[in-house]
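Colleague:
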Amino acid sequence: MKASLVWSSPKPEMTIAVAMRRCYSTKTIEEIEIELEKKGPEYWKFLLAKCLQDKSLDVLEHFTMSLLLDGMTEEEMSAILRKFQYVRATSLGDSDWLVSVNARTLVELWRDGGGRPLAESIVIELRKQGVSPLFDELAFR
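All residue numbers for the sequence shown refer to the numbering used here, where the first residue is 5 and numbers rise by one.
#1: Measuring only the C-alpha atoms, how far is L56 from A107?
#2: Sorted by chain position, which residues of the same chain lie with C-beta nearer than 8 Å to D140's C-beta, five sequence neighbours on each side aside?
#3: Using CA coordinates, which residue listed in R145, V135 and E124 is at the minimum distance from M5?
#4: Assuming K6 is part of the alpha helix (DSSP H), what are its boundary residues?
#5: In the DSSP assignment, the beta strand (DSSP E) including D100 goes from what residue to what residue?
#6: Suppose the cutoff is 6 Å on Cβ atoms and the five residues either side in sequence are ignored; what does the same chain contact list for A21 look like?
#7: Name the DSSP beta bridge partners of L71, please?
#8: Thinking H66 and A23 are a contact (beta carbons under 8 Å), I'd like their distance in whole angstroms, please.
#9: Tell me, to the nearest whole angstrom, how far the beta carbon of M76 is from that of S99; I am working on the premise that it is less than 8 Å.
#10: Could you pull out every residue in the same chain whose Cβ sits closer than 7 Å to the Cβ of V111, ignoring the five residues on either side in sequence?
#11: If I measure Cβ to Cβ from L96 and keep anything under 8 Å in the same chain, skipping five residues before and after, which residues do I get?
#12: Given this structure, state the Cα-to-Cα distance separating Q89 from D74, to the nearest angstrom.
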């Protein structure tokens with residue numbers, strides 16, 4: 005199975021960090037963004053690690069991606085769609101799919117035996133494209 009990235013949320017780690025800080029702050033999103041920019045990627049990494057450690061995965065839903073998948077049968081995709089309700093897939097014929105997923109679901113796929121091959125294909129593509137290196141380091145290494 006091969007994944008090709010079509011689209012991803014811009015600045016995924018920053019987006020997740022903003023979502024985490026906004027949950028417990030009365031500051032505006034703009035103020036939080038300025039604060040996070042000043043603190044830099046090491047602070048974002050701290051927030052991401054805390055999220056994954058505490059299993060507060062809901063903030064990961066703000067990082068979304070769309071991919072083309074090649075080499076997945078309809079039976080395999082049906083099994084994924086039944087088990088992971090937030091995966092969206094459109095058949096493009098044969099074994100090709102357009103798939104949308106958020107980072108929370110990607111982590112859940114990664115942790116599940118049946119979903120792991122799909123997650124690995126997606127993570128390989130995200131690494132190749134340089135998308136979300138901090139998230140990748142903490143969630144998948």
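Beta carbons: idealized from backbone N, C-alpha and C, even for Gly.
Modeller: Judging by the given coordinates:
#1: 11 Å
#2: V127, L130 and R131
#3: E124
#4: Taken as a continuous stretch (DSSP letters only), K6 belongs to no alpha helix (DSSP H), being part of the beta strand (DSSP E) at K6 to S12.
#5: D100 to N106
#6: L40, W48 and L51
#7: L9 and V103
#8: 5 Å
#9: 6 Å
#10: L61, L64 and A143
#11: L72 and L102
#12: 21 Å
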